[in-house]
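Engineer: With our numbering applied, the sequence shown covers 43 to 265. Each residue gets a CB set at the ideal place from its N, CA and C atoms; glycine is no exception. The structure that follows is given in the form of structure tokens.
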Amino acid sequence: MALFVGENGTGKSTLLEAAAANCGFNPTGGNRNHAYGREAPMAELAAAMRLSWLPRMTQGFFMRAESFFDFARYIDDLDAERFPGSGPPILDAYGGKSLNKQSHGESFMALFRNKFARRGIYILDEPEAALSPTRQLAFLRLLHDLEKDGDTQWLIATHSPILMTYPNAQLFYLDETGIRETDYRETPHYRLVRDFLNAPERFLDKLLREEKADEQSATPPTK
Ligand SMILES: Nc1ncnc2c1ncn2[C@@H]1O[C@H](COP(=O)(O)OP(=O)(O)OP(=O)(O)O)[C@@H](O)[C@H]1O
Ligand SMILES: [Mg+2]
Numbered sequence: 043m044a045l046f047v048g049e050n051g052t053g054k055s056t057l058l059e060a061a062a063a064n065c066g067f068n069p070t071g072g073n074r075n076h077a078y079g080r081e082a083p084m085a086e087l088a089a090a091m092r093l094s095w096l097p098r099m100t101q102g103f104f105m106r107a108e109s110f111f112d113f114a115r116y117i118d119d120l121d122a123e124r125f126p127g128s129g130p131p132i133l134d135a136y137g138g139k140s141l142n143k144q145s146h147g148e149s150f151m152a153l154f155r156n157k158f159a160r161r162g163i164y165i166l167d168e169p170e171a172a173l174s175p176t177r178q179l180a181f182l183r184l185l186h187d188l189e190k191d192g193d194t195q196w197l198i199a200t201h202s203p204i205l206m207t208y209p210n211a212q213l214f215y216l217d218e219t220g221i222r223e224t225d226y227r228e229t230p231h232y233r234l235v236r237d238f239l240n241a242p243e244r245f246l247d248k249l250l251r252e253e254k255a256d257e258q259s260a261t262p263p264t265k
């Protein structure tokens, strides 16, 4: 399990898109069987990247939180265009209920529960985006179940301090100096949320009193 953490705009999604392209997955989200959405804009980076694990994995899924509704609509459209009697609806593979007719978080969990298997490479861009803290824990449990007896590889970009605590995950921190491995406790994400929740009033008091907002005021990782 590799986690990618960094400030907005540091290149996490770009990196995951290039990895997904190397797996042959649809760049807008999905896998090799899905054909919709835009062309991959990071072809040069994808060409420069080599995935080193063997055997080469072609099963799996690329999940982008930001274009998930495009994916959900695409699945609905596929079912709408099918000839009657041509087998079970494609939606059955996603739990049977339109992903667009569930809440944001429910539809994410339906994908995770139904589409993720014990073998494959899973590239997930902010899978926590729609999940409550409770569901983030349910998601951690699901990852654990799939990882422990399966043959899976996970590349996950996240801003969630909860997901970052996943046991034995390698965490890579991206910033303007490059990418380095660190511990979740050293990330600004973890430190900021911890410090904030320890004393929200004091934190807000300072923040709102400052003359000019400083977006970069969080402590960078030291490791
Ligand atoms: N389609 C694009 N064309 C040109 N530049 C882009 C495009 N998409 C992203 N960028 C730029 O590339 C850089 C990295 O973007 P990327 O989306 O990979 O960041 P990120 O780490 O995923 O950020 P976030 O945490 O906000 O999702 C940013 O500076 C961004 O402005
Ligand atoms: Mg991103």
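Does the distance from the CB of LEU173 to the CB of VAL47 come in under 8 Å?
Structural biologist: no
Engineer: Can you name, in chain order, every residue of its own chain whose Cβ lies under 8 Å from the Cβ of MET91, other than the five neighbours on each side?
Structural biologist: ALA60, ALA61 and ASN64
Engineer: Kindly identify the DSSP beta-bridge partner or partners of TYR232.
Structural biologist: TYR232 is not bridged to any residue.
Engineer: GLU223 by DSSP, collapsed to three states: which one?
Structural biologist: strand
Engineer: Tell me which residue opens and which closes the alpha helix (DSSP H) that ILE132 is part of.
Structural biologist: Note, ILE132: premise wrong, no alpha helix (DSSP H); not H, not E.
Engineer: Given a cut-off of 8 Å, decide if GLY72 and PHE104 are closer than it, judged by their beta-carbon atoms.
Structural biologist: yes
Engineer: According to DSSP, what are the bridge partners of ILE198?
Structural biologist: LEU45 and LEU166
Engineer: Would you call the CB atoms of ILE165 and LEU141 closer than 8 Å?
Structural biologist: Not a contact, by the Cβ cut-off of 8 Å.
Engineer: Is it buried or exposed for THR176, if we count other Cβ within 10 angstroms and need 16 for buried?
Structural biologist: exposed
Engineer: Let me confirm a value: ALA199 is counted as buried when at least 16 other C-beta atoms fall within 10 Å, else exposed. Which label applies?
Structural biologist: Within 10 angstroms of the beta-carbon of ALA199 lie 16 or more other beta-carbons, which makes it buried.
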